[in-house]
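One point on numbering: in numbering that gives the first Met the number 0, the residue at position 218 of the sequence shown is 217, and numbering is uninterrupted.
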Amino acid sequence: MATFDGKFIRGIAGNVIFKQRGKKQVIQGKSKKKLIDMTRATFDAAFIFGRASTLSSYIRSNASQIIRFNDSGMISRFTGECNQVLQKAYPNKDHILDHSQDYFSRLNGFEFNQASPLKNYFFAQPMVTLSEQQVTIDLPELDIPRDLKPAMNANFCIMAFDVMLFDLENGKYKQQEIQSFEIPLKNLPLTIPAQQLVFEGSPAALCVIALGIYYFEKTFAGTAMMNHADLSPSALLKAAFCPGIAVVQDKWHDIDFKEKRKRKKLDKAKKTKPKTSRSDKNSSIEPTIS
Numbered sequence: 000m001a002t003f004d005g006k007f008i009r010g011i012a013g014n015v016i017f018k019q020r021g022k023k024q025v026i027q028g029k030s031k032k033k034l035i036d037m038t039r040a041t042f043d044a045a046f047i048f049g050r051a052s053t054l055s056s057y058i059r060s061n062a063s064q065i066i067r068f069n070d071s072g073m074i075s076r077f078t079g080e081c082n083q084v085l086q087k088a089y090p091n092k093d094h095i096l097d098h099s100q101d102y103f104s105r106l107n108g109f110e111f112n113q114a115s116p117l118k119n120y121f122f123a124q125p126m127v128t129l130s131e132q133q134v135t136i137d138l139p140e141l142d143i144p145r146d147l148k149p150a151m152n153a154n155f156c157i158m159a160f161d162v163m164l165f166d167l168e169n170g171k172y173k174q175q176e177i178q179s180f181e182i183p184l185k186n187l188p189l190t191i192p193a194q195q196l197v198f199e200g201s202p203a204a205l206c207v208i209a210l211g212i213y214y215f216e217k218t219f220a221g222t223a224m225m226n227h228a229d230l231s232p233s234a235l236l237k238a239a240f241c242p243g244i245a246v247v248q249d250k251w252h253d254i255d256f257k258e259k260r261k262r263k264k265l266d267k268a269k270k271t272k273p274k275t276s277r278s279d280k281n282s283s284i285e286p287t288i289s
């Protein structure tokens, strides 16, 4: 069914599809390609890929302040990694999430910008502790520049952590405030004391932690961020489940997971062979002798 909103028509009417693209009305015909009858395994894999694509987009969106600049292939790479994880995490046809295995550890260390991988700029190892109600990040004492690579002309940098919680069973998520601290990059070497950051946790929620570094330069016009397409170190520090049994969080935001549709089987027309009589089978062309 097509609808008119006062400016544009959207939807399907007969064999015509109406769309809005920017400020233009787009009209196209429906595809005449024959549908492909998918097997049960292919149908289930496609459903899981859809969930992986959705989860990937929510993580990227919620971590957008950390990521800032990403490489051109990041979205495809990250969606593929999420798909590999979920294909293992939903092992049965009922698609019940398996919490017993650490499948999401595959995402640990995922780099959002391959032009400036975080592992080439930050060399210390933060410790992450997950409980039912709390996420704790302990950073060791940092020796600069041994543990953190300064950018050329940078006066200081800000190290920022973003903790996201996802209830995959009930389709909910929570975004928390980014926590960060400043690190001077002049008059090196210097030592930064150990620090602890505390975030909210939730029973059985998937905790995804993103880490990014912003470099800044002080000029006569003020302070300017130096990050750009080739200098924006950011990665996933950890992805794992908090312990406990999931509790529905009514105040969390909804995840727009698409409901699984019933698999449609195409009616394949049986090819019927023309019937031939016995006399036709036994008949042959006799040569004529004159």
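Cβ coordinates follow ideal geometry from the N, Cα and C atoms, glycine included.
The beta strand (DSSP E) runs lying completely inside the region 0-63 and spanning 3 residues or more are 1-3, 8-12, 15-20 and 23-28, given in chain order.
For M225, there is no enclosing beta strand (DSSP E), as DSSP marks it with neither H nor E. L236 and T218 have their C-alpha atoms some 32 Å from each other. The continuous alpha helix (DSSP H) containing I74 extends over residues M73 to A88. Rounded to whole angstroms, the Cβ separation of P202 and S115 is 36 Å, and the two are not in contact under 8 Å. Beta-carbon to beta-carbon, L196 and A153 are separated by about 22 Å, too far to satisfy the 8 Å threshold.
Rounded to whole angstroms, the separation of the alpha carbons of Q175 and G200 is 10 Å.
Taking all protein chains shown into account, R50 has 16 or more neighbouring C-beta atoms within 10 Å of its C-beta and is therefore buried. The beta carbon of G243 is closer than 7 Å to those of E131, P202 and A203 in its chain, skipping five residues each way along the sequence. Checking the DSSP bridge columns, you'll see G211 partnered with A159 and S233.
Here L106 carries a helix assignment [DSSP, helix/strand/coil]. Excluding five sequence positions before and after I11, the CB atoms of its chain that fall closer than 8 Å to its own CB belong to M0, A1, F17 and K29, given in chain order. In this structure, D137 lies away from A123, with their beta-carbon atoms at least 8 Å apart.
Collapsing the DSSP output to three states places L117 in a helix. Look at I254 here: in three-state DSSP terms it is coil, with no helix or strand label. With respect to V162, F121 sits apart: the two C-beta atoms are not nearer than 8 Å. Only residues of its own chain outside the window of five on either side were considered, and among them I47 have a CB closer than 6 Å to the CB of Q86, listed in chain order. Note: D166 is bridge-paired with K171 in the DSSP secondary-structure output.
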